[in-house]
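Below is one structure, written out as C-alpha cells, with a few remarks after it.
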Amino acid sequence: MSTLTARQRWTGLAVLVLAVTVVALDATVLSLAIPSISETLRPSGTQLLWIGDSYSFVLAGLLVSMGALSDRIGRKKLLLVGSAAFGAASLLAAYAPSAGWLILARALLGVAGATIMPSTLSLIRGLFPDDRERATAIGIWGAAATAGAALGPVVGGVLLEHFWWGSVFLLNIPVLVLLLVSGAWLLPESKDPAPGRWDVLSVLLSMAGVIGVVYAVKEAAAHGVDRWDVPAAFLLGAAALFVFVRRQLRLESPLLDVRLFRDRRFTAAVSASLISLVGLSGVIFVVSQYVQLVRGYQPLQAGLAELPAFAGSVVGGLLTARIARRFGARRALTVCLLAMGLGVGALGWLAQDTTYLLLAASFLLVGTAEGVVYTLGADLVLGAAPADRAGAASAVSETAYELGTALGIALVGSVVGSVYANGLAVPAGTDPAAAARAGESLGSAVETAHGLAPELAQPLLASARESFVHGMNSAGLLAAALLVGAAAMAWRLLRGLSDPKAGTGTGAGTGAADAVAGPAARPKVDA
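Mapping of the sequence shown onto my numbering: residues 2 to 528, in sequence order.
As C-alpha cells, then:
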C-alpha cells in the first residue's frame, strides 16, 4: 500500500474516520434518550444500566478476537462485513418492543462494532508508511473517535426534539450505506501474510474473561457482593483470563501477543485510555440525565449544553502530535490525565442551580484532555507492535476504550444509583408500588410523580432531584480520584523514555512521540 498516491491515502482515511465516528457515536447517542426509554419501555433500574452498557461490554469482550481475525482474513473485508451487520442491528434496536429486546439489540451492535474498530486503526498503519503522515492521520482518527462520543448527545438531542427515541439508531443506516459503498471502492486490502491459526478456544476464553470480570464489577457496585453470582462471575472471569494469558504464551500464533505489555509505553497507553474513558463516559451518562431531569432542559438544549466536550475533543485530537513533539509523550499524557481529573472533579460541587458556565468549562476541559489522551494512547500502542500484528494491537487499544466506557457507565451509574436510593425520601401516603418504582432511578421518580396528587408529587420530585445531585457529586469525585491515580501511574511507567526530540535508534516507531526525531526514530525505554 506504500505505492498509493497522497490523494488515495487521505481519501481512504476519510472512509475510516466515517466508520470510527459511527461506532463511537453509538456509545453515547442513547444517553439523552434514557428518560424517553424509561417512559416508553418501563425498564427496571438494572435494565436501564444494561441498556446503557451492554453495547460496550460485548464490544470490549470481542475486540481482541476480531482484531486478530482482521489480521487473518483481511481488515477491509471484516470492516465491510461488520458495517453491514451494524446496520441490521441498528434496525432491530430502533424498533425494539421491550427493554429486553433493546438490550439484545445493543449487544448485537457491540458484536458488529467489534469488527469495525480494530480494522480502522490497523488500516491506517498500512495506508501511511511515513511516520509523520501517520502521526497526523492518527490525530485525525483520534479526534473523530472522541468527537463521535462527545457528539452523541448533541445528535441525540436534535433527533429527540422531533422524533421518537428509536430515531437515534436509524441515523446509522444512511451513514453505513455510504461507508459500504465508499469503503469497497476506496480502501485497499491488508492482512498478515502468514497469520497462523485463529484459535477458537482463545476467543472463548477472552470473551468469558472480560465479560465475567466486568459483570462482577458492575453488579458489585450496584448491589454489593452478597449475591452468590457476583463473586462466582469474578472468579470464573479471572480464571478465564489467567488461562487465556498462559495459552497465548504457548501458542506459536497467539490471538494476542501478551508480551507487548512488557513495553512500558504499551502498558501506560492502554491503562491511561481505559481509566480516562471511565471518567468521561460515566460523566456523560449521569450529566445527560442531570441537565434534563434536574435542570429541565429539552433534549436539543441538553445536547447543545454538552457541545463544549465535542469541540474540545476535536481540538485535542488534532493538536496531539504537536503537543507530544513539544513536551514529550510522558508529560503530555500525565498532564492531560490530571486535567481530566480536575474537570470531572468539578462535578463534585455541582448543585441544582449551579451556573451553566461551570458545567461548560468542565466539559471543555475534559473533552480537550481526553482527545489528547486517547489519540496519544492509540499512537503509543500502535508504535509498540510489529506491523503484521497491527490488528491485534489496535484491538487492545480499542478494548481499553470500550471497557472504560462500559465500566464508566457501570461504576459511575451504580454509585449515583446507590446514593440516590439511600437518600430518597418518599412522602407518607404514597402507594408502596409507586414508591418502589420511584426508588429505581430519577427517571422513574419523574414518571411516578406524574400520576400522583400535587401534594405528594412535589416533595417526591424535590427529594429525588436532590438525591440524584448528591450521587452525581460523589461519582464525580470518585472518577477524579481514578484519573489522578492514572496520571501518577503513567508518569511512573513512562519514566526512562528518552526525550522524543533526541530519540535515537531504529524500530517500528510511529506517531506523535516518534515523528519528532525522524522517520525511523523511536523513544527508548530504559531497563
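Ideal Cβ placement from N, Cα and C applies to all residues, glycine included.
Where residue i falls: helix, strand or coil (DSSP)
i: Ala429; result: coil
i: Ala352; result: coil
i: Ala434; result: helix
i: Pro98; result: coil
i: Arg466; result: helix
i: Ser282; result: helix
i: Gln299; result: coil
i: Pro119; result: helix
i: Phe129; result: coil
i: Ala454; result: coil
i: Phe164; result: coil
i: Trp547; result: Only positions 2 to 528 of the chain appear in this structure, which leaves residue 547 out of reach.
i: Val21; result: helix
i: Leu1; result: No answer is possible for residue 1: it lies beyond the span of the chain, which begins at 2 and ends at 528.
i: Ser415; result: helix
i: Leu479; result: helix
Cβ separation of residue i and residue j, assumed to be a contact under 8 Å, to the nearest whole Å
i: Gly13; j: Glu190; result: Actually they are not in contact, since the Cβ atoms of Gly13 and Glu190 sit about 11 Å apart, beyond 8 Å.
i: Leu377; j: Thr321; result: 5 Å
i: Ser91; j: Ile35; result: 18 Å between Cβ atoms; not a contact.
i: Ile104; j: Ser55; result: 5 Å
i: Val420; j: Ser468; result: 7 Å
i: Gln299; j: Glu456; result: That pair is no contact at about 27 Å.
i: Leu206; j: Val244; result: 6 Å
i: Gly210; j: Leu242; result: 3 Å
i: Val259; j: Val246; result: 5 Å
i: Ser363; j: Gly344; result: 5 Å
i: Val470; j: Ala352; result: 6 Å
Contact set for residue i: own chain, Cβ-Cβ below 6 Å, skip 5 residues either direction
i: Ala530; result: Examination of residue 530 is not possible in this model, given that the chain is present from 2 through 528 alone.
i: Ala138; result: Leu14, Ile125, Phe129
i: Leu408; result: Val279
i: Leu93; result: Ala106
i: Ala20; result: Ile117, Thr121, Leu180
i: Leu365; result: Pro309, Gly313
i: Ala488; result: Thr335, Leu338, Leu339
i: Trp11; result: none
Burial state of residue i, where buried means 16 or more other Cβ atoms lie within 10 Å
i: Thr505; result: With a pLDDT of only 28 at Thr505, under 50, the local geometry of the prediction cannot be trusted, and the value read off the model is given with reservation. With fewer than 16 other Cβ atoms within 10 Å, it is exposed.
i: Val288; result: buried
i: Val213; result: The question names Val, but residue 213 is Gly in the sequence shown. So Gly213 ends up on the buried side.
i: Leu375; result: First, the residue type needs correcting, since residue 375 is Tyr and not Leu in the sequence shown. With 16 or more other Cβ atoms within 10 Å, it is buried.
i: Ala7; result: exposed
i: Gly346; result: buried
i: Glu307; result: buried
i: Gly384; result: buried
i: Thr507; result: Since pLDDT at Thr507 reaches only 27, below the 50 mark, its modelled position is unreliable, and the value read off the structure follows with that caveat. Result: exposed.
i: Ala454; result: exposed
i: Gln459; result: exposed
i: Leu236; result: exposed
i: Tyr216; result: buried
i: Gly444; result: buried
i: Pro44; result: buried
i: Thr22; result: buried
i: Val18; result: buried
i: Gly497; result: exposed
CA nearest to the CA of residue i, picked from the options
i: Ala61; options: Ala115, Lys78, Gly424; result: Ala115
i: Arg263; options: Ala25, Ala7, Leu494; result: Leu494
i: Ile52; options: Val447, Ala100, Gln459, Glu134; result: Ala100
i: Pro309; options: Arg323, Ala361, Ile324; result: Ala361
i: Ser254; options: Ser57, Leu70, Asp27; result: Leu70
i: Ser120; options: Ser274, Glu448, Val244, Val16; result: Val16
i: Met67; options: Leu305, Leu257, Val417, Thr22; result: Leu257
i: Ser282; options: Ala269, Phe267, Phe311, Val295; result: Phe311
i: Gly88; options: Lys77, Val417, Ala113; result: Ala113
i: Leu31; options: Leu63, Ala145, Thr47, Leu172; result: Leu172
i: Ser203; options: Pro98, Ser442, Ala240, Ala25; result: Ala240
i: Gly477; options: Val416, Ala146, Gly440, Ser84; result: Val416
i: Ser39; options: Val59, Pro98, Leu64; result: Pro98
i: Asp27; options: Leu79, Asn423, Leu49, Gly153; result: Gly153
i: Leu333; options: Ser475, Ala491, Val59; result: Here residue 333 turns out to be Ala, not Leu, going by the sequence shown. The shortest C-alpha separation from Ala333 is found at Ala491.
i: Gly405; options: Arg296, Ile324, Ala436, Val284; result: Val284
i: Leu49; options: Leu79, Val201, Ser442, Leu64; result: Ser442
Neighbourhood of residue i by C-beta, 7 Å cutoff - its chain only, sequence neighbours within 5 removed
i: Val316; result: Thr369, Gly372
i: Leu483; result: Ile276, Val279, Gly280
i: Ala450; result: Ala458, Leu461, Leu462
i: Ala221; result: Val231
i: Leu177; result: Val23, Ser84, Phe87, Gly88
Interface flag, residue i vs chain C, CB-CB below 7 Å
i: Arg326; result: Structure shown: chain C not included; a single protein chain is present.
Close-in-space but distant-in-sequence residues of the same chain around residue i (CB under 8 Å, 5 per side omitted)
i: Asp439; result: The sequence as given places Ala at residue 439; Asp does not occur at that position. Closer than 8 Å at the Cβ level, and outside the excluded window around Ala439, lie Leu425, Val427, Thr431, Ser445, Ala446, Thr449, Ala450, Leu461, Ala465.
i: Gly167; result: Ala94, Ala95, Tyr96, Ala97
i: Ser543; result: Residue 543 lies beyond the range of the chain shown here (2 to 528); nothing can be said about it.
i: Asp238; result: Checking the sequence, you will find Gly at residue 238 rather than Asp. Excluding sequence neighbours, Gly238 sits near Ala209, Gly210, Val211, Ile212, Gly213, Val214, Val215, Tyr216, Ala217.
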